[in-house]
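> Numbering (the numbering used here), first residue to last: 439 to 1154.
In this text, a Cβ means the ideal position worked out from N, Cα and C, and glycines have one as well.
Bear in mind that the values here come from a model prediction, so they are computed numbers and not experimental data.
If you scroll down you'll find the structure; I have some questions about it.
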């Protein structure tokens, strides 16, 4: 008990600070300038700055000198070789290829290159001219895509990746894995299907594959099943005994080599009709400048491809970054993609992006760094120049089997539905909407719908925050929601109100409505009653003033005439002199009238605003309102206007309003928004709820609830 009493006395002596006093003591600086010129002035050329920029744009200079050769090199080589072989028949990324294909079909259609056969009326397509024109178009498209991505990266546009939440990315990549699976089914069953583009394209593809199942090539299906079972078994073996082996068994690479050998000697294509990779062109085209005349026609498509390829890349990057514990620089990814497309355009290359299937293969085969990508590039280069013919007999069903098996990890993301159902329904909606939109609308439009829906959920959450009234936890200076903490007690005569979300134009009105509802009485009704009472009083005062003025005029007329006869003056007085027959009474009465006239002319009018009590209205059950703005990280003009109205309404009904927990940036925004005035000053701002409560109780002569020092308690 003695310790508590000492703590209470020491706490009672604590000097509370308003924001105005705190700024004086703490010497608050002016808000930093956000102008472009100020930012440019802060940039200084120095050795460390140049080194930092060099490492930022060329990160290989930072990690390559520290590359763990013994631990990673062998895995990177095997992984790079496996992925490099997969690139041979499936080099371009499927989704980007479809987007580019729609551009080439519209701008360079086959009908544009129809030629008549000599001596006949038959016309055929000149594929040589058509393909040459399409290659030039693709090169120009890749050039613009690269320019857009480099420019956006330098402008720090990578911040858009922050809007890709984990549920969105996982739902998106799961849908993409379904698309990859369906795109490989034709190779598994050995059937031919049309190329579809646009919304519902993957559904049309799946339906056509199903319709052609009776035409399945049995040899292709058997090859696919044997390959998938073999890869799955070896992967399970790797999981069990992988730690005992120097490196995991490179089953994908072994499958490619073995199946190519079998296909060559068994002549699978000739004897069983199993589709193979076929002819692989050799050599490289000489570099040439992109065709400028295509730019105007494809600029819109180029921007769309630039965005889709970036989002796919950053989504996959975030997936594996979370899995392996590293960070992805979104702006650097943009610049890297842009440079690849820019340089590749001079060699008539397709626009690039990240492939989910090949990324999964690279990870599962032991790839750890960009060295694996370098090995893949070397394999492709050597294959293109010299050894492409060695892989012409590789069955396409083998590559499809490798891709499908490695999608297993992505399919496990369906478990997110059950987990999110238990933990966060909003995130579950984001996951499901993203998945469905991507399946139905394809990767480009599906992504747009997913991001838009994700942003809408943010707005929806801010419009439905948790509003609470805070009470003091006994023997502490901690304030908690009285609905959640049974022992948290409201301070008599005070309401401490808090919103769990920041306050801005979308929810400012909802905030004001919730505040008035939580107060326990009809604030607007009381304000309206006071206005009516004031209006009534003003009419009454105006009528009495008019009557007094008329009376004063009559008295002045009587006084000026010098008449002592008061019978003609209609004056209502509480004490009228008795009628007397002598001059003394008349003189006395005349003196009284003169004095009354003088009094009416010189009597001062009532000063100050009428109070609720003087107007005959009942005072509200609270005298102070404390708004806890700790969760608020910014305010806009609508929010500032709302706060002004709150101050005006509550001050009108004689309730003091205080703001607590304002961040420095919020105070700066309040200053710039002209929030402070003669009636709203920084004396109304306090650093914490307890400071405001202490200030109010002391100034009203009330006793502050006892508190003790609690090292585990934190001020709100």
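How would you label residue 456, buried or exposed, when you count the other beta carbons within 10 angstroms and need 16 or more for buried?
Translated into the one-based positions of the chain shown, residue 456 becomes position 18. It is buried - the Cβ of residue 456 has at least 16 other Cβ atoms within 10 Å.
> Helix, strand or coil: which one does DSSP assign to residue 719?
Here the question's residue 719 lines up with position 281 in the chain shown. Three-state DSSP puts residue 719 in coil, outside helix and strand.
> Applying the criterion that 16 or more other CB atoms from any shown protein chain within 10 Å of the CB defines a buried residue, is residue 829 buried or exposed?
As a working note, residue 829 is residue 391 in the chain shown. Buried, by the Cβ-count rule.
> Apply the 10 Å Cβ neighbour rule to residue 548 and answer buried if 16 or more other Cβ atoms are within range, or exposed otherwise.
Along the chain shown, one-based indexing puts residue 548 at 110. Classification of residue 548: exposed, given that the 10 Å Cβ count is below 16.
> Provide the residue span of the beta strand (DSSP E) that contains residue 1097, from first to last.
Here residue 1097 is taken as the residue at index 659 of the chain shown, counted from 1. Its beta strand (DSSP E) spans residues 1094-1098.
> Quick check: residue 877 and residue 1127, are their CB atoms within less than 7 Å of each other?
Locating residue 877 in the chain shown gives position 439, where the first residue counts as 1. Locating residue 1127 in the chain shown gives position 689, where the first residue counts as 1. No, the pair does not count as a contact, with Cβ atoms beyond the cut-off.
> On a Cα-Cα basis, can you pick out the residue from 766, 976 and 711 that is closest to residue 751?
Taking the chain shown and counting its residues from 1, the one referred to as residue 751 is at position 313. If we check each option's Cα against that of residue 751, 766 comes out closest.
> Buried or exposed: where does residue 1138 fall if 16 or more other Cβ atoms within 10 Å of its Cβ makes it buried?
Counting from 1 along the chain shown, the entry for residue 1138 is found at position 700. Exposed, by the Cβ-count rule.
> Identify the continuous alpha helix (DSSP H) that holds residue 607 and give its terminal residues.
The residue labelled residue 607 in the question sits at position 169 within the chain shown. Residue 607 -> alpha helix (DSSP H) spans 604-627.
> Tell me the rounded alpha-carbon separation between residue 1179 and residue 1067.
Here the chain covers residues 439 to 1154 and nothing more, so residue 1179 does not appear.
> Please name the residue, chosen from 891, 1118 and 807, that lies closest to residue 505 on a Cα-to-Cα basis.
On the chain shown, position 67 is the one that residue 505 refers to. With distances taken between Cα atoms, residue 505 lies closest to 807.
> Determine which residues share a DSSP beta bridge with residue 833 and list them.
Along the chain shown, one-based indexing puts residue 833 at 395. Paired residue(s): 714.
> Would you report the Cα separation of residue 600 and residue 585, rounded to the nearest angstrom?
Counting from 1 along the chain shown, the entry for residue 600 is found at position 162. Counting from 1 along the chain shown, the entry for residue 585 is found at position 147. So the two alpha carbons sit approximately 23 Å from each other.
> Whole angstroms are fine: how far does the CA of residue 868 sit from the CA of residue 644?
Taking the chain shown and counting its residues from 1, one reaches residue 644 at position 206. Taking the chain shown and counting its residues from 1, one reaches residue 868 at position 430. If you take the alpha carbons of residue 644 and residue 868, they lie about 25 Å apart.
> When we look at the beta-carbon of residue 690 and count the other beta-carbons within 10 Å, is it buried (16 or more) or exposed?
For the purposes of this step, residue 690 is taken as the residue at position 252 of the chain shown. It counts as buried.
> Residue 849 lies in the alpha helix (DSSP H); which residues open and close that run?
As a first step, residue 849 must be located in the chain shown, where it is residue number 411. Unbroken alpha helix (DSSP H) run through residue 849: 846-849.
> Could you spell out the range, first to last residue, of the alpha helix (DSSP H) harbouring residue 1066?
In the chain shown, residue 1066 corresponds to position 628, counting from 1. Unbroken run through residue 1066 is the beta strand (DSSP E), 1062-1066; no alpha helix (DSSP H).
> Between residue 553 and the rest of its own chain, which residues show a CB-CB distance below 8 Å, the 5 nearest in sequence each way excluded?
The count along the chain shown starts at 1 and reaches residue 553 at position 115. Cβ neighbours of residue 553 beyond the five flanking positions: 561, 562, 563 and 564.
> Can you find the residues in the same chain that come closer than 6 Å, C-beta to C-beta, to residue 912, ignoring five residues on each side of it along the sequence?
Here residue 912 is taken as the residue at index 474 of the chain shown, counted from 1. Result list for residue 912: 925, in chain order.
> Taking just the CA atoms, how far does residue 779 sit from residue 790?
Numbered from its first residue, the chain shown carries residue 790 at position 352. Numbered from its first residue, the chain shown carries residue 779 at position 341. Near 7 Å, if we compare the C-alpha coordinates of residue 779 and residue 790.
> Would residue 546 be called buried (16 or more neighbouring beta carbons within 10 Å of its own) or exposed?
Here residue 546 refers to the residue found at position 108 when the chain shown is read from its first residue. It counts as buried.
> For residue 447, I'd like the list of residues in its chain whose CB is within less than 8 Å of its CB, leaving aside the five on either flank, ordered along the chain.
Here residue 447 is taken as the residue at index 9 of the chain shown, counted from 1. Bear in mind that a pLDDT of 41 at residue 447, under 50, signals an unreliable position, so the model cannot answer this.
> From which residue to which residue does the beta strand (DSSP E) around residue 933 run?
As a first step, residue 933 must be located in the chain shown, where it is residue number 495. Run containing residue 933: 932-937, per the beta strand (DSSP E) assignment.
> Taking the alpha helix (DSSP H) that residue 667 falls in, what are its first and last residues?
Start at 1 with the first residue of the chain shown, and residue 667 comes out as number 229. Counting along the chain, the alpha helix (DSSP H) containing residue 667 begins and ends at 656-679.
> What's the C-alpha gap between residue 541 and residue 682?
Along the chain shown, one-based indexing puts residue 541 at 103. Along the chain shown, one-based indexing puts residue 682 at 244. Near 52 Å, if we compare the C-alpha coordinates of residue 682 and residue 541.
> Evaluate residue 848 with the Cβ neighbour count: other Cβ atoms within 10 Å of its Cβ, from every protein chain shown; 16 or more gives buried, anything less gives exposed.
Along the chain shown, one-based indexing puts residue 848 at 410. Residue 848 comes out buried.
> Tell me which same chain residues have a C-beta within less than 6 Å of the C-beta of residue 826, skipping the five on either side of it?
As a first step, residue 826 must be located in the chain shown, where it is residue number 388. So the list reads 718 and 720, once near-sequence residues are dropped.
> Should residue 743 and residue 902 be called a contact, given that it needs their Cβ atoms to be closer than 7 Å?
Against the chain shown, residue 743 aligns to sequence position 305. Against the chain shown, residue 902 aligns to sequence position 464. Result no, Cβ atoms of residue 743 and residue 902 do not sit closer than 7 Å.
> Within its chain, find whatever has a CB closer than 7 Å to the CB of residue 1070; leave out the 5 residues flanking it on each side and keep chain order.
Against the chain shown, residue 1070 aligns to sequence position 632. Cβ within range, chain order: 940, 941 and 1104.
> Is it true that the CB of residue 551 sits closer than 7 Å to the CB of residue 835?
For the purposes of this step, residue 835 is identified with residue 397 of the chain shown, where counting begins at 1. For the purposes of this step, residue 551 is identified with residue 113 of the chain shown, where counting begins at 1. No. Outside cutoff.
> The beta strand (DSSP E) spanning residue 918 covers which residue range?
The count along the chain shown starts at 1 and reaches residue 918 at position 480. Where residue 918 is concerned, the enclosing beta strand (DSSP E) stretches over 917-919.
> Identify which residue in 668, 525, 705 and 701 has its Cα closest to the Cα of residue 820.
By one-based count along the chain shown, residue 820 stands at place 382. Per the Cα distances, 525.
> Check for me: the beta strand (DSSP E) holding residue 870 runs from which residue to which?
Along the chain shown, read from residue 1 onward, the residue named residue 870 stands at position 432. Premise fails: residue 870 lies in the alpha helix (DSSP H), 863-901, not in any beta strand (DSSP E).
> How about residue 516 and residue 688: do their beta carbons lie closer than 7 Å?
As a first step, residue 516 is located in the chain shown; it is residue number 78 there, counting from the start. As a first step, residue 688 is located in the chain shown; it is residue number 250 there, counting from the start. Going by C-beta atoms, residue 516 is nearer than 7 Å to residue 688.
> So, helix, strand or coil for residue 1104, using DSSP?
Counting from one through the chain shown, the residue named residue 1104 turns up at place 666. In the structure shown, residue 1104 sits in a helix (DSSP, three-state: H, G or I).
> Helix, strand or coil for residue 1005? Go by DSSP, reduced to three states.
Here residue 1005 is taken as the residue at index 567 of the chain shown, counted from 1. Confidence is the limiting factor: at residue 1005 the pLDDT is only 46, short of 50, which leaves the residue's position unreliable, though a coordinate-based value still follows. The answer is coil: DSSP assigns residue 1005 none of H, G, I, E or B.
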